[in-house]
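Each residue of the sequence shown is one higher than the last, beginning at 7 in this note's numbering.
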Amino acid sequence: MQNRLIDLILGLLAISLLPPCPVLPVFTEVVTPPTLASITPDRQAREGDTNSSLIRPNCLHLEPASTIPSTLPNDEYLDKQWALNKLQAVEAWQITSGGEDILIAVLDTGIDQTHEDLMDKVAASVNFTDSPTASDLHGHGTHIAGIIAATANNGIGIVGLAPNSRLLNVKVADRSGMVEPSKIAEGIMWAVDNGAKVINMSFTLSEPAQAVEDAVDYAWSKGIVVVAASGNYVGDRPTYPACYCNCLAVAATDASDCVGSWSSRDDSVHVAAPGVNIYSTLPDNCYGYKSGTSMAAAYVAGVAGLLFSVVCDANDSGLLNDEVRDAIENNCDEIGILGIGGGCTGECKDDFVVQDEP
Ligand SMILES: [Ca+2]
Ligand SMILES: [Ca+2]
Numbered sequence: 007m008q009n010r011l012i013d014l015i016l017g018l019l020a021i022s023l024l025p026p027c028p029v030l031p032v033f034t035e036v037v038t039p040p041t042l043a044s045i046t047p048d049r050q051a052r053e054g055d056t057n058s059s060l061i062r063p064n065c066l067h068l069e070p071a072s073t074i075p076s077t078l079p080n081d082e083y084l085d086k087q088w089a090l091n092k093l094q095a096v097e098a099w100q101i102t103s104g105g106e107d108i109l110i111a112v113l114d115t116g117i118d119q120t121h122e123d124l125m126d127k128v129a130a131s132v133n134f135t136d137s138p139t140a141s142d143l144h145g146h147g148t149h150i151a152g153i154i155a156a157t158a159n160n161g162i163g164i165v166g167l168a169p170n171s172r173l174l175n176v177k178v179a180d181r182s183g184m185v186e187p188s189k190i191a192e193g194i195m196w197a198v199d200n201g202a203k204v205i206n207m208s209f210t211l212s213e214p215a216q217a218v219e220d221a222v223d224y225a226w227s228k229g230i231v232v233v234a235a236s237g238n239y240v241g242d243r244p245t246y247p248a249c250y251c252n253c254l255a256v257a258a259t260d261a262s263d264c265v266g267s268w269s270s271r272d273d274s275v276h277v278a279a280p281g282v283n284i285y286s287t288l289p290d291n292c293y294g295y296k297s298g299t300s301m302a303a304a305y306v307a308g309v310a311g312l313l314f315s316v317v318c319d320a321n322d323s324g325l326l327n328d329e330v331r332d333a334i335e336n337n338c339d340e341i342g343i344l345g346i347g348g349g350c351t352g353e354c355k356d357d358f359v360v361q362d363e364p
């Protein structure tokens with residue numbers, strides 16, 4: 007069985023030259039996630055002018071962020087989390103911080119659930135690797151976990167984008183960062199069976215894997231939003247699983263909304279999110295910066311987690327993942343892709359961890 011390298015910060019794979027997705031709309035522009043502060047529950051939409059173009063059929067109502075009061079959480083390193091400002095997260099939290107019933111599965115290198123800022127965040131763990139523990143001996147998974155759900159207002163550390171959500175720790179990669187497609191498929195199925203609303207996959211495969219695609223399709227059919235890193239490589243190789251139609255493929259941007267020079271950005275990318283110099287949790291009560299589409303995907307997973315608590319089943323499909331995905335893709339700020347490529351400086355590249363493919 008051939009191992010694949012988990013997408014560890016510096017890109018190894020690309021998704022250029024892919025055919026257009028036959029199911030979901032393909033965007034020619036790289037766009038950023040919706041401004042979360044602009045989202046209010048459907049109650050206001052029903053009370054407002056139903057002819058207004060600001061009222062979307064997915065029951066979200068868009069308003070200027072300035073109308074929503076902000077209260078800063080007291081977490082020690084909040085000032086390092088530029089991405090939260092970009093996403094207007096503080097304003098969004100006036101509406102929702104997610105909920106404990108919204109489970110976000112992190113398929114990764116495990117999560118250090120003893121971390122001071124991740125206490126009680128992991129609802130369940132599973133280990134599909136040969137590692138003796140479901141905890142994180144690498145660091146990647148704990149970083150992703152903090153981006154999504156680190157505890158807010160505890161006076162320490164950082165704040166996750168969906169801090170009231172809980173996590174499913176699905177360890178599919180060991181301390182070396184290696185991951186096997188069969189384990190990914192098992193991990194997705196386990197997440198589905200254990201109540202995930204969102205699945206985050208911050209890794210890439212260089213070749214397609216039918217079992218993974220089937221599992222992604224199954225997750226989507228069960229009402230789950232599946233988010234995947236688009237890959238940190240600009241080239242002509244497709245990136246799996248991000249390019250699967252039922253995955254939301256995420257590119258990485260910096261604080262100036264420029265796509266990272268190393269980030270995928272072709273037509274198979276659906277949205278872009280902050281992914282350069284992202285500060286988050288690391289094992290053993292540590293914190294640090296990482297850059298990559300891995301981090302960007304985690305932020306979109308957090309966005310999805312928040313949205314699950316505000317959308318309604320507008321199309322009576324019996325599921326909410328279609329409304330959540332629609333809200334993410336259709337409420338983005340378009341930033342285009344012309345002129346990008348210099349958005350990441352040598353300074354941020356110092357944060358990369360590079361591993362070679364076997
Ligand atoms: Ca905290
Ligand atoms: Ca629906």
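No residue lacks a Cβ here, since even glycine has one placed at the ideal position from N, Cα and C.
- [ ] Tell me Asn175's beta-bridge partners as DSSP assigns them.
- [x] Val112, Ser131
- [ ] Give me the Cα-Cα distance between Pro169 and Thr157, rounded to the nearest whole angstrom.
- [x] 5 Å
Open item on the list: Taking the alpha carbon of Val132 as the reference point, which residue from His121, Asp126, Glu122, Ile117 has its own alpha carbon closest?
Closed with: Ile117
Task: Spatial distance of Leu171 from Pro244 (CA atoms) - done: Per the sequence presented here, residue 171 reads as Ser, with Leu not at that position. The alpha-carbon atoms of Ser171 and Pro244 are separated by roughly 32 Å.
Task: Candidates Asp142, Ala89, Thr77, Ala255, of which the one nearest Arg331 by Cα - done: Ala255
- [ ] Measure from the alpha carbon of Lys228 to the alpha carbon of each residue in Ala191, Leu78, Lys203, then state which is nearest.
- [x] Lys203
TODO: Run the CB neighbour count on His276, radius 10 Å, all protein chains shown included, and call it buried at 16 or more, exposed below.
DONE: buried
TODO: With ligand 2 as the reference, list in chain order each residue whose Cβ lies under 6 Å from any of its heavy atoms.
DONE: Asp319, Asn321, Ser323, Leu325, Leu326, Asp328, Glu329
- [ ] Hey, could you find the ends of the alpha helix (DSSP H) Gly147 is sitting in?
- [x] 146 to 155
Open item on the list: Can you tell me where the beta strand (DSSP E) holding Leu288 begins and where it ends?
Closed with: 284 to 288
Task: Residue interval of the alpha helix (DSSP H) (run including Tyr224) - done: 216 to 227
Task: Pro187 and Val218 closer than 8 Å at C-beta - done: yes
TODO: Using alpha carbons as the reference points, say which of Ala95, Arg181, Trp268, Val96 lies closest to Ala140.
DONE: Arg181
TODO: Examine ligand 1 and report whether any of its heavy atoms sits within less than 7 Å of the Cβ of Asn291.
DONE: no
- [ ] Please indicate yes or no: does the CB of Thr120 lie closer than 7 Å to some heavy atom of ligand 1?
- [x] no
Task: Unbroken beta strand (DSSP E) run spanning Ala234, endpoints - done: 231 to 235
Open item on the list: I'd like to confirm something about Ile162: is its beta-carbon nearer than 7 Å to some heavy atom of ligand 1, or not?
Closed with: yes
TODO: Report the rounded CA-to-CA distance for Leu109 versus Ile205, giving the unit in angstroms.
DONE: 9 Å
Task: Rounded straight-line distance, which links the Cα of Ala98 to that of Thr299 - done: 23 Å
- [ ] Whole angstroms is fine: what's the gap from Ala89's alpha carbon to Ile284's?
- [x] 7 Å
Task: Assigned secondary structure, Ala98 (DSSP; H/G/I helix, E/B strand, else coil) - done: helix
- [ ] Could you tell me whether the Cβ of Pro169 comes closer than 8 Å to any Cβ of chain B?
- [x] Absent from the structure: chain B. Only one protein chain is present.
Task: Three-way DSSP call (helix, strand, coil) for Val317 in this model - done: coil
TODO: Provide the residue span of the beta strand (DSSP E) that contains Asn206, from first to last.
DONE: 202 to 207
TODO: Can you give me the start and stop residues for the beta strand (DSSP E) that Leu254 sits inside?
DONE: 253 to 259
TODO: Specify whether the region 253 to 267 and the region 288 to 305 touch according to this definition: at least 3 beta carbon pairs, one from each stretch, less than 8 Å apart.
DONE: yes
Task: 8 Å CB neighbourhood of Tyr83 in its chain, flanking five on each side removed - done: Gly163, Ile164, Tyr285, Tyr293
Open item on the list: Which of the three DSSP states is assigned to Ala140 in this structure?
Closed with: coil
- [ ] Assuming Ala197 contacts Ala129 (C-beta within less than 8 Å), just tell me the rounded distance between them.
- [x] At roughly 11 Å, the Cβ-Cβ gap does not stay under 8 Å, so Ala197 and Ala129 are not in contact.
Task: Residue nearest to Val265 in terms of C-alpha spacing, selected from Val282, Ser274, Cys253, Met207 - done: Val282
TODO: Have a look at Gln100 and Asp319 and give me their C-alpha separation to the nearest angstrom.
DONE: 22 Å
- [ ] Out of Asn252, Glu106, Ala191, point me to the one whose CA is closest to Asp223's CA.
- [x] Asn252
TODO: Would you mind sorting Asn327 into buried or exposed? The rule is 16 or more other CB atoms within 10 Å of its CB.
DONE: buried
Open item on the list: Any heavy atom of ligand 1 inside 7 Å of the beta-carbon of Val165?
Closed with: yes
Task: Extent of the continuous beta strand (DSSP E) run through Lys86 - done: Looking at the DSSP string, Lys86 is not in any beta strand (DSSP E), and its letter there is neither H nor E.
Task: Pairwise C-alpha distance: Asn291 and Ser366 - done: Outside the shown range of the chain, which is 7 to 364, sits residue 366, and nothing can be said about it.
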